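Contents: one structure, followed by commentary.
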Amino acid sequence: MATYSRLPGSVALITLHNPPVNALSAAVRQGIVDAVQRALKDPKVTSVVICGQNGKFCGGADIREFAGPMLGPPLVPMIHAIEAVDKPVAAAIEGVALGGGLELALACHYRIAHSKAVLGLPEVTLGLLPGAGGSQRLPRLIGLTAALDLITTGRHVSAAEALKLGVLDQVTDSNAVDLAVEFVRSVAGQPLDSRRLSTLPCPCPPDVDSLLDKVMSKVRQRSRGALAPVACVRALRAAASLPYAQGMEKERELMATLFNSGQARALQYAFFSQRVVGKWSLPSGARWDNSTARIISKAAVIGLGTMGRGIVVALALTGISVVAVETQEKQLAEASRVVPAMLQREAGRRRLATPPGVISFSSNLQDVSEVELVIEAVFEDMSLKLQVFKHLSSVCRPGTLLCSNTSGLDIDQLAAVTQSPGLVVGMHFFAPAHVMKLLEVVYGPRSSPEAVATAMQLGKRMGKVGVAVGNCPGFVGNRMLKPYLEQANFLLEEGATPRQVDEALEEFGFPMGVFRMSDLSGLDVGWRIRKEAGLTGPGVESTRTRQGRRYSPLPDQMCEAGRLGQKTGKGWYQYDGPGGRVARSDPWVHIFLETYRAEHGLVARSITLEEILERCLYALINEGFNILQDAVAAGPEDIDAIYVFGYGWPRHRGGPMFHADQVGLGRILQRLNQHSHPDVPHLKPSTLLRRLVAAGSPPVQKWREFINKERVHSQL
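Numbering-wise, my numbering comes out as the position in the sequence shown, counting from 1, plus 65.
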């Protein structure tokens, strides 16, 4: 709803009421329409201020309304009516003015904001464009170049930046509503023609066509198949070249195309998934809303390699004091030099309101005795980690939470060597840890709700998307990655090239294909894991079957040849030298693959893009169904959040499980059956997938309920 009141001095105050962010629901829109009409009809009112309740102007459209028929007054006519009012209207912006909220403010004749307000048009992140005149008014206000940046990225801007760009007329450190009221009193009776943005020309550079072409090319490259950023550029081209009314018609056409697209559904699903995963639960019945998290003020990080350094910075950015421990002198000296610079750079980029936490460096584990939480980030070796956890358990004070950054080792085994197994959880960060959004919080059967709640809350403080997952080899992300990588290697054996596989995956929307990513991270990482698992190394026979299943020794042989990826200048691709970044096809790899096939009696065949995608992605998805069946992840949203935020799954495709729903579960099952083979168990269709298909393939939003009912039924 929206309330109306008349203040002294003939000012009408319209206040939006729809907690938590005063979204433009049907009731709010109706309230605004009624209040504006009332202000127009009241002869004692000479000016109007629109504000939001509880220090928040407006967070935009109510996304929950997107699923059904639009009720209440349409947004566009309402906004046009506000702009046409013959009395000055000011938006008093506190908190947020995002999406439709900023479009509402742009319809007002003046915009006054609190210094801590945040503004933006983030519709592109939901697969849409600003559809209530934002794509036409904003460029007329701040110029085409600046509007292209804001609308195609969806980024938020501070009040200070918005003032500099020209979005705002004034910024205040005091009450924005009081200033707006005072301001509109001072301008009452003045002409408003120049304040109606729809009547203004769009400021464009002389080379406007060249600019738009360059931006379109850049957007296509960056968006990797996403429709909305491209539509945003088209809408802004209309603003630059057409009268306002025709530009609005183009905006409407583009919005209609996007609104019902699969990509918009995927992006909105991803938006809500991010909220779903925060409402975690444990098999014991403990939940996010009945478990108390500790507030951490002092933490320690053990191991200052690439990952450890990033974790130190991530913690310090929240204001937590950090003891950073590294026993290798050379590594400690390097970290002592690099980490403060990383922290300073990131703190400057984020414009922190509070100073970062103090970092102290040490080579002695005894120095962590007074911290409240420890994150172990040493080399991925179980014997080493066990040694560290035993030591931590003896030096830390009782009640200290002990966390491991392991990417897939057994959390229960680590907990077993401590005095308080309930205080041990996994906190699996993704590199670079101070930048990447994902945090897998791994609980074992003895992990306490308090430990899980504290890790999740700490992740939230660090700006992470935390996902609580059960303990198993690889957890969720890396467990699903294994069959994906396995199929990519099998495709090379059968006739594909690394570039062919990578191009198929990159065309699907991944930022990097599997082999380019392998070169970036280093082929020796997986090689080490396979050695520890007894799959390769001295004494292991070089066959294409290991431990009773099909196995490809191709990556092992690459490592044996010294081709470890970018770090050595050669891997699946060749580079200009060690540390090079530009990947080029390497004739050596083609000869190597031909020789390998000849040695094993394999005949290369033509492999289609469709087969590459089906075998890589459907193997990964199938393992996702197994993970849901095993209760390692609570629902499909958890898996999809992990893959979108940690593994480069294209956001406009929602996530692996959402993608399975869009393709059709019956189709996934049929193709897995087609590709399956007795010695490739990852392609054997999941029992859960079969049951979902038998149940009529319910939509992805119903899978969690289906799984829970199946689980209850199996326990009866």
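We treat Cβ as the ideally placed atom computed from N, Cα and C, and that holds for glycine. In this text the structure is predicted, and so the values were computed from the model without any measurement.
Same chain, Cβ closer than 6 Å to I115, neighbours up to 5 away in sequence not counted: Within the same chain, I115 has close Cβ partners I79 and A156.
Tell me the residue span of the alpha helix (DSSP H) that contains V378. T371 to L382 is the extent of the alpha helix (DSSP H) around V378.
Suppose contacts are defined by Cβ-Cβ distances below 8 Å. Is G124 in contact with V161 by that definition? Remark: C-beta atoms of G124 and V161 approach each other more closely than 8 Å.
Segments assigned alpha helix (DSSP H), at least 4 residues, entirely inside the segment 591-631: Counting only runs that start and end inside the segment 591-631, the alpha helix (DSSP H) elements of at least 4 residues fall at 619-625.
Determine, using beta-carbon pairs with one atom in the segment 530-537 and one in the segment 366-383, whether at least three such pairs fall under 8 Å. Segments in contact, no.
Buried versus exposed call for V500 [16 or more other C-beta atoms within 10 Å across all chains shown]: Under the 10 Å beta carbon count, V500 is surrounded by fewer than 16 other beta carbons and is classified as exposed.
In chain order, which alpha helix (DSSP H) runs of at least 4 residues are fully inside the segment 146-187? Taking only runs of at least 4 residues, the alpha helix (DSSP H) segments lying wholly in the segment 146-187 are 165-172.
State the beta-bridge partners of A365 as determined by DSSP. The partner list for A365 (beta bridge, DSSP) reads V388 and V439.
Does DSSP put L72 in a helix, a strand or coil? Three-state result, L72: strand.
Counting C-beta neighbours from all protein chains within 10 Å, is the total for D584 16 or more, i.e. buried, or is it exposed? Burial call: buried.
If R205 and L265 are in contact, beta carbons under 8 Å, what's the gap, nearest whole angstrom? Contact flag correct, Cβ pair sits at about 4 Å.
Taking the Cβ atom as the reference point for each residue, do L588 and R646 lie within a distance shorter than 8 Å? Going by C-beta atoms, L588 is not nearer than 8 Å to R646.
Inter-stretch contact at 8 Å, needing at least 3 Cβ pairs: the segment 702-712 / the segment 346-356: Result no; under three Cβ-Cβ pairs closer than 8 Å.
Considering just the uninterrupted stretch of the beta strand (DSSP E) at S112, what are its terminal residues? First-last of the beta strand (DSSP E) with S112: S112 to G117.
Pick out whichever of S512, L674 and L600 has its Cα sitting closest to the Cα of G560. Selected option, being the one with the closest Cα: L674.
Is the distance from the Cβ of R176 to the Cβ of G137 below 8 Å? No, Cβ-Cβ distance for R176 and G137 is not below 8 Å.
Simplified DSSP assignment, three categories, for C468: The DSSP-derived three-state label of C468 is strand.
Buried or exposed (CB count within 10 angstroms, at least 16 for buried), A498: Buried, because 16 or more other Cβ atoms sit within 10 Å of the Cβ of A498.
Helix, strand or coil for A67? Go by DSSP, reduced to three states. For A67, the secondary structure class from DSSP, reduced to helix, strand or coil, is strand.
Are the CB atoms of R330 and S263 within a distance shorter than 8 Å? S263 places its beta carbon 8 Å or farther from that of R330.
Sequence-distant residues of its chain with Cβ nearer than 6 Å to A92 (five each side left out): Taken in chain order, the residues that qualify are M66.
Check for me: the alpha helix (DSSP H) holding S282 runs from which residue to which? Looking at the DSSP string, the run of the alpha helix (DSSP H) that includes S282 is V273 to S288.
So, for Q522: in the same chain, excluding its five sequence neighbours on each side, which residues have a beta-carbon less than 6 Å away from its beta-carbon? Within its own chain, the residues whose Cβ lies closer than 6 Å to the Cβ of Q522, once the five positions on either side in sequence are excluded, are A358, listed in chain order.
Taking the straight line between their C-alpha atoms, what separation do you get for A412 and K596? Straight-line Cα distance between these residues: approximately 40 Å.
Does the Cβ-Cβ distance between L191 and L332 come in under 8 Å? Their beta carbons are under 8 Å apart, which means L191 touches L332 by this criterion.
Looking at C-beta atoms only, is the number of pairs between the segment 307-321 and the segment 179-198 that lie closer than 8 Å three or more? Contact between the segment 307-321 and the segment 179-198 is present, because at least three Cβ pairs lie under 8 Å.
Bounding residues of the beta strand (DSSP E) (the contiguous stretch that carries L503): Counting along the chain, the unbroken beta strand (DSSP E) around L503 starts and ends at L503 to Y508.
Count the other CB atoms within 10 Å of the CB of N470; is the residue buried (16 or more) or exposed (fewer)? Flag for N470 reads buried.
I need the straight-line Cα distance from V517 to Y712, nearest angstrom please. Per the coordinates, the alpha-carbon of V517 lies some 23 Å from the alpha-carbon of Y712.
Check the DSSP bridge columns for A126 and list the partner residues they point to. L89.
Check whether the Cβ atoms of F444 and L397 sit closer than 8 Å, and answer yes or no. Contact flag unset, no.
Where does H493 sit, in a helix, a strand or coil, going by DSSP? Strand at H493.
Opposing strand residues paired with R788 [DSSP bridges]: With the chain covering only 66 through 781, there is no way to say anything about residue 788.
Would DSSP call S200 helix, strand or coil? S200 falls in the helix class under three-state DSSP.
S306 versus V423 - alpha carbon distance: Taking the Cα positions, S306 is about 53 Å away from V423.
From the DSSP output, which residues share a beta bridge with H747? DSSP lists no partner for H747.
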